[in-house]
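Quick note: the sequence shown, position 26, residue 26 per the UniProt record's numbering, numbers continuous. For reference, the structure is listed below as structure tokens.
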Amino acid sequence: MLDKEIDSEKGFNGGSSVNERQSPGPAAAYDGQIDEGIDKNEDLHRGLKARQISMIAIGGSIGTGLVIGSGSALTRGGPVGLLLAYVIMGFCAFATMMSLGEMATYLPSKKGFGGYASRFVDPALGVAVGWCYLAKYLVVTPNNVVAGSLVITYWTSTVPTGAWIAIFIVLIVILNLLGIKLFGEIEFWASFLKIVVLTGLILLGLIIDLGGVPGVGRIGFRNWRDQPFSHYIFQNDTGVFLGVWSCMTSALFAYMGIELVGVTFGEAKNPRKTVPATIRRTFARILIFYIGSVFVVGLILKATDPGLIAVTKKKTSAAASPFVLAIERAEIRVLPDIINGAILLFVLSAANSDLYIGTRTLYALAAQGQAPRFFMRVNRFGTPYYATAFCSIICCIAFMAVGPGSYQVFSYFTATVTLLGALTWMGILYSHISFMNALKAQGISRDTLPWKAPCQPYAAYIAFGITAVVTFFKGESALVFNYKTLITNYVAIPFWLALFFGWKFVYKTKRIPAAEVDLVTGRREFDQDEALWEEKEALKGKLPWWKRAWEGA
């Protein structure tokens, strides 16, 4: 309606200006361009609305790592250790998002996290970050598909697991092929339902804790007072430390994917307006949903509860959730089935968004000459269909979970997800540190940035250090030596090193000096688009309230 009229009148295409095709060429150093050299049939559509990005920012990455994984973490670290771990890693997650936000508002790009690493640091780092992030989602997408099939077994096991896996793969592939507008709408409502469910669980947990359920006495802070910390592996102070440390690795896994919304910035309308609001909502999400959830779990359940220890050995159904255990103890009927349905929504929404991120990451690699160019080809909905096809084929490794004994092999394979995600976080943080150094070297004040994040660049340094230490010492369970655990905890590191040094060796790339980092190319074209977005918003402000609401939706 109004958008189309303004677009046709002003020649606005919703994306970056493209004057001529310039192939990036893998052998060349990064050319400094943000979205130049992209043909019309290779260009993603900026179709995500502010409300969709905001909702995805709040609920997009909430999944089984929080709803289910918090139970096993509680047994290892105790209520205070669990809360402390989530606060520390929550700071790291928010610092990562602030770092990404400053770069994305200054130079909005469709080339993903690796694009900033290539531009501000070294093309070899861009390759390592991009391919590690892609590897994470090539693994975690089929993992969530398998999780969905296992959730179904809570109700029935008459339908073969392989059939559910096939149904779920076909479903998410179709949803991804139909374009960014449909994806945004589906994830908007899925995220909304996640928020409703998690809010309900937190409130119910507080009611149980305060004695609001008939027949259940007031718990208060009894569990904090009796055993604030647990012993893990060793029954001494070292065991307390390892318990908290183990909780930090669990928290790192739970926060993995919080950067998901950063991938959507490349397909957002007016990212300089939507990105800062998105980052602020990320802080609220971390504080309320992540930290709030583990706080309540630590109130209503003992870390030594035999029932909690038993249910955490289960996989992904509602029976493994600490909230469900507390609800069953309170003898509240029906709710476990509702929560299992919510968990099914969580994992299928995660699988859908994981496939989306995987395809966009592969697209971004192709846009930089770090993957075959044909992965950039898009259909009329703006979906990179070759990239979608490639990632969809990889999803078929989910069928490994069908055979007897194969699930164990698959679970070892998916254990690398946390490390791959952490390496991506460190890549984002280091790119931002280099971006800050480039601004300083070239005499550009941070006050001139479209969005100036608080506590930067200090937050980036601290978060990088914490994430690095937790990442490289995350295999604390391997202190009781198990070579399989050791390998799955660290296999991603040699993969990252091979990508980084392999690219440097083959293409002779070098670290870009701070004074030579290109902080200009691509800004002018985006500034023009931003002016048109602001003009459209101003025109909408003159419309009746009901029409503004319709246009906004």
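From the three backbone atoms N, C-alpha and C, an ideal C-beta is built for every residue, glycine too. Keep in mind that this is a model prediction, so the values were computed, not measured.
| query | result |
| --- | --- |
| Could you have a look at V378 and say whether DSSP puts it in helix, strand or coil? | strand |
| Here's the rule I'm using: 16 or more other beta-carbon atoms within 10 Å means buried, otherwise exposed. How should C455 be labelled? | exposed |
| Where I172 and Y490 are concerned, what is the direct C-alpha to C-alpha distance, given to the nearest angstrom? | 30 angstroms |
| Using only alpha-carbon positions, find the residue among F91, T105, G126 and R51 that is nearest to residue 557. | Since the first and last residues shown for the chain are 1 and 553, residue 557 lies out of range. |
| Mapping DSSP to helix, strand and coil, what is P457? | coil |
| Rounded to whole angstroms, what's the CA-CA distance from P336 to L497? Just pull it up for me. | 45 angstroms |
| By DSSP, does P384 sit in helix, in strand, or in coil? | strand |
| In chain order, what residues of the same chain have a beta carbon less than 8 angstroms from the beta carbon of L260, not counting five sequence neighbours either side? | I56, G60, S61, S353 and I357 |
| Quick one: what does DSSP say G126 is sitting in, helix, strand or coil? | helix |
| Which same chain residues end up closer than 7 angstroms to L138 when comparing Cβ atoms and leaving out the 5 residues on each side of it in sequence? | G358, C391 and I394 |
| Taking C-beta to C-beta, are G81 and F295 nearer than 8 angstroms? | no |
| Measuring CA to CA, which of A422, V506, W451 and A459 is closest to A468? | A422 |
| State the CB to CB distance for the pair G69 and F253, rounded to an integer number of angstroms; the pair is presumed to be in contact (CB under 8 angstroms). | 6 angstroms |
| Can you find the residues in the same chain that come closer than 8 angstroms, C-beta to C-beta, to F500, ignoring five residues on each side of it along the sequence? | A124, L125, V127 and A128 |
| Just verifying my parser: in three-state terms, what is the DSSP assignment at E102? | helix |
| How close, in whole Å, do the beta carbons of G522 and L107 come, if the pair is a contact with beta carbons under 8 angstroms? | 6 angstroms |
| With a cut-off of 8 angstroms on the beta carbons, I'd call A398 and V159 a contact; round off their distance for me. | Not really, about 15 angstroms apart at Cβ, beyond 8 angstroms. |
| Classify P494: buried if its beta carbon has 16 or more other beta carbons within 10 angstroms, exposed otherwise. | exposed |
| Among T238, L299 and S293, which one has its Cα closest to the Cα of R222? | L299 |
| Alpha carbon to alpha carbon, how far is G148 from W189? | 18 angstroms |
| Throw me the rounded Cβ distance for the E102 and L362 pair, which I believe falls under 8 angstroms. | Not confirmed; about 25 angstroms, so no contact. |
| Output the boundary residues of the alpha helix (DSSP H) element that contains M426. | V417 to A441 |
| By the three-class DSSP mapping on this structure, what secondary structure does residue 582 have? | The shown model of the chain, from 1 to 553, leaves out residue 582, and the question about it has no answer. |
| Where does A29 fall in DSSP's three states? | Confidence is the limiting factor: at A29 the pLDDT is only 39, short of 50, which leaves the residue's position unreliable, though a coordinate-based value still follows. Note: A29 maps to coil in three-state DSSP. |
| Using only the alpha-carbon positions, how far apart do G65 and S445 sit? | 40 angstroms |
| Output the residue ranges of the alpha helix (DSSP H) runs that lie fully inside the segment 313-349 and measure 4 residues or longer, sorted by chain position. | 322-329 |
| Compute the Euclidean distance between the alpha carbons of G443 and E516, then round it to the nearest angstrom. | 12 angstroms |
| Are the segment 112-119 and the segment 327-341 touching, with three or more C-beta to C-beta distances below 8 angstroms? | no |
| What distance in whole Å lies between the Cβ atoms of R76 and C247, which are believed to be in contact at a cut-off of 8 angstroms? | 6 angstroms |
| Which one of S349, G215, K194 and R373 has the shortest CA to CA distance from Y290? | K194 |
| From which residue to which residue does the alpha helix (DSSP H) around R119 run? | G112 to F120 |
| Kindly indicate which residue of G179, A93 and K484 has the alpha-carbon position closest to the one of R380. | G179 |
| With distances taken between CB atoms, is the gap from G471 to L419 smaller than 8 angstroms? | Contrary to the premise, residue 471 reads as Thr rather than Gly in this sequence. Their beta carbons are under 8 angstroms apart, which means T471 touches L419 by this criterion. |
| Going by the beta-carbon positions, is the gap between T96 and A463 smaller than 8 angstroms? | yes |
| Mapping DSSP to helix, strand and coil, what is N270? | coil |
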